[in-house]
Amino acid sequence: MKIHLPNSAFLGNIDPFLRGFDPSSPETLEITANDKWISVHPLALSMIAALGLTVKPGGVVCRKLEAKSRHYLVRMGLFRALGVASEINVTEHEPAGRFIPITRVRTSNELSSFISEMIPLLHLAPEQSRTLGYVVSELVRNVLEHSGSEQGAVLCAQYYKKSNSIRIGVADTGMGIKASINNSHPAATDQEALRLALWPGITGTTSREGGTEQNAGAGLFFIKSIASINRDFFVVYSGNALYKLLKKPAGKRPRLHADPFEDRHSREESLPAWRGTAVGVDITLDQTAEFSALLDAIGGTYSAAVRERVRARHRRPRFI
Amino acid sequence: MTTIRLFERTGAFAENKDVARELRLKELMPALQRGEEVVLDFTGVEAATQSFVHALISDAIRKHGAGALDLLAFKACSEPVKKIVAIVTDYMQEGLGPG
């Protein structure tokens with residue numbers, strides 16, 4: 007496998023980074039980077055760290071990094087996660103208030119500890135912490151419950167002072183959304199599987215409406231809705247498909263849709279195959295709606311979506 | 770009457786679905802099966818995920834119908850917890866259909 011860290015890769019312009027991924031020869035991972043500057047979303051780092059976990063020791067080769075900003079990768083814990091020496095000397099600072107370094111979560115209890123110990127380090131306001139905790143919990147639990155990944159979830163987050171935003175990336179190298187959804191729902195392509203996974207009430211654990219006693223099939227819908235109401239980016243990449251919720255212009259409150267294809271979005275379905283799922287979310291703190299208001303909007307859309315789906319399956323009277 | 774104190778098991782953020790499952794299987798469902806009223810006491814719980822609340826109560830509504838809500842009481846819920854509970858109870862009842 008080969009992956010290149012470009013000059014810039016945030017959710018708005020992450021597509022070239024994804025297209026540059028070469029998944030061939032999965033027994034090795036070669037990492038290269040832009041010589042001048044590297045400025046990337048936590049999603050890119052989580053993905054690279056997750057790939058590194060699939061390669062045996064010694065199989066990761068990181069080309070010498072020349073970019074001035076290379077120390078950032080050290081501080082985010084990329085080389086530690088990959089198990090390679092960085093040859094970059096930096097003064098480590100207490101991470102409080104700025105970032106959550108690359109972290110691997112493999113169990114439910116590890117996730118609970120992560121949320122209670124790491125998120126307070128960002129020193130966010132209670133409403134913002136609540137939103138961030140919600141996003142992290144739902145995304146990582148999706149990995150633990152549906153991906154079948156032996157490596158668990160890999161995540162990291164960064165606070166950006168200039169935009170007053172938190173950016174989060176969660177990646178796994180499990181079965182991917184199509185294989186998971188196909189356990190219960192027919193999806194011929196990765197893109198169709200992404201569409202179903204984002205639809206409220208659809209889960210790979212059952213074909214039954216409303217999910218099982220343990221899974222509702224609502225996690226990704228909630229996260230997309232939070233991003234949508236806050237006018238932020240939200241990206242899901244699995245198999246060869248990418249779904250990207252685009253930022254919405256300021257103005258009246260965005261309308262939520264059950265069908266992700268009705269949201270303002272872009273999508274691709276010919277990307278290099280990512281064996282697993284990678285999700286990136288931005289949370290702009292200035293415009294983070296009060297959590298209760300978010301829930302009002304989400305609840306209405308969810309119930310309407312379930313009602314529509316149930317109605318669509320109603321038997322029709324035979325008039326003769 | 771059975772009272773289930775969530776905070777002791779979940780802390781201020783109720784998100785661990787394994788905890789929800791254990792409470793559901795060991796305390797909530799057996800009590801409903803006996804026809805007892807169950808109080809879910811959210812004192813100290815500031816927020817909960819939809820996944821957690823679904824894992825805790827959806828099976829009760831699926832198995833006992835909307836009548837489960839006559840036996841369930843949600844105590845000392847914060848505003849976000851109230852809204853999550855309402856979302857889950859709404860969509861579970863939407864999915865039940867008549868009868």
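If you're matching them up, the sequences are chains D and L in order. The opening position of the first sequence corresponds to residue 7 in our numbering, with each subsequent residue numbered one higher. The opening position of the second sequence corresponds to residue 770 in our numbering, with each subsequent residue numbered one higher. Glycine included, each C-beta is placed from N, C-alpha and C at the ideal position. Note that the structure is a prediction, hence the values are computed from the model and not measured.
Environment of residue i [buried if 16+ CB atoms lie within 10 Å]
{"i": "D:G139", "result": "buried"}
{"i": "L:R803", "result": "exposed"}
{"i": "D:L385", "result": "The question about residue 385 of chain D has no answer here: the residues shown for chain D are numbered 7 through 326."}
{"i": "D:A318", "result": "exposed"}
{"i": "D:L117", "result": "buried"}
{"i": "L:T858", "result": "buried"}
{"i": "D:G58", "result": "buried"}
{"i": "L:S847", "result": "buried"}
{"i": "D:G282", "result": "buried"}
{"i": "D:I326", "result": "exposed"}
{"i": "D:D288", "result": "buried"}
{"i": "L:M770", "result": "exposed"}
{"i": "D:F85", "result": "buried"}
{"i": "L:T779", "result": "buried"}
{"i": "D:P266", "result": "buried"}
{"i": "L:G868", "result": "The pLDDT assigned to L:G868 is 37, lower than 50, so where the model puts this residue is not dependable, and the model offers no usable value."}
{"i": "L:D839", "result": "exposed"}
{"i": "D:G223", "result": "buried"}
{"i": "L:A835", "result": "exposed"}
Close beta carbons around residue i, own chain, < 8 Å, minus the five adjacent residues each side
{"i": "D:G65", "result": "E33, T34, L35"}
{"i": "D:I125", "result": "I106, S135, L138, G139, V142"}
{"i": "D:K254", "result": "S234, R237, P260, R270"}
{"i": "D:E275", "result": "T195, D196, Q197, N246, A247, L248"}
{"i": "D:P63", "result": "G89"}
{"i": "D:R41", "result": "The question names Arg, yet the displayed sequence has Asp at residue 41 of chain D. E72, A73."}
{"i": "D:S114", "result": "R147, L150"}
Neighbourhood of residue i by C-beta distance below 7 Å, restricted to the same chain and skipping five residues each side
{"i": "L:D810", "result": "T772, I773, R774, L775, K844, A845"}
{"i": "D:A203", "result": "I183, I187, L226"}
{"i": "D:V146", "result": "V111, L117, A159, L161, V176"}
{"i": "D:V61", "result": "E33, T34, L35"}
{"i": "D:A15", "result": "F23, V46, H47, A50"}
{"i": "L:S827", "result": "V857, M861"}
{"i": "D:S31", "result": "M7"}
{"i": "D:E156", "result": "none"}
{"i": "L:A837", "result": "L801, A829, I830"}
{"i": "D:S213", "result": "S190, H191"}
Contact set for residue i: own chain, Cβ-Cβ below 6 Å, skip 5 residues either direction
{"i": "D:T195", "result": "none"}
{"i": "D:G26", "result": "H10"}
{"i": "D:T211", "result": "T218, N221"}
{"i": "D:A199", "result": "I183, K184, I187, A193"}
{"i": "D:S122", "result": "none"}
Cβ distance (whole Å) where residue i is taken to contact residue j below 8 Å
{"i": "D:L291", "j": "D:S171", "result": "6 Å"}
{"i": "L:V807", "j": "L:L841", "result": "6 Å"}
{"i": "L:V850", "j": "L:A817", "result": "5 Å"}
{"i": "D:G180", "j": "D:G207", "result": "22 Å between Cβ atoms; not a contact."}
{"i": "L:L797", "j": "L:L825", "result": "7 Å"}
{"i": "D:I37", "j": "D:I20", "result": "With a Cβ gap of about 17 Å, D:I37 and D:I20 do not count as contacting."}
{"i": "D:P29", "j": "D:P323", "result": "Rounded, the Cβ-Cβ distance is 52 Å, inconsistent with contact."}
{"i": "D:M82", "j": "D:I44", "result": "Between D:I44 and D:M82 the Cβ distance is about 11 Å, and since that is not below 8 Å, they are no contact."}
{"i": "L:K852", "j": "D:S298", "result": "6 Å"}
Interface partners of residue i on chain C, CB under 8 Å
{"i": "D:S298", "result": "Included in the structure are the protein chains D and L, with no chain C among them."}
Pick out the complete beta strand (DSSP E) segments inside the segment 266-307 of chain D, 3 residues or longer, and give them in chain order. 271-274, 280-290
Count the CB pairs spanning the segment 236-244 of chain D and the segment 212-225 of chain D that are closer than 8 Å, and state whether there are at least three. no
For the segment 163-218 of chain D, which segments carrying the beta strand (DSSP E) assignment without a break, of at least 3 residues, lie completely within its bounds, in sequence order? Runs of the beta strand (DSSP E) inside the segment 163-218 of chain D: 171-178.
Do the segment 256-272 of chain D and the segment 231-241 of chain D meet, that is, are 3 or more Cβ pairs less than 8 Å apart? yes
Please give me, in chain order, every unbroken run of the beta strand (DSSP E) with length at least 3 that falls completely inside the segment 61-93 of chain D. 66-68
For a minimum of 3 consecutive residues, which ranges assigned as the beta strand (DSSP E) are wholly contained in the segment 795-851 of chain L? 807-810, 841-844
Please give me, in chain order, every unbroken run of the alpha helix (DSSP H) with length at least 4 that falls completely inside the segment 215-264 of chain D. 225-235
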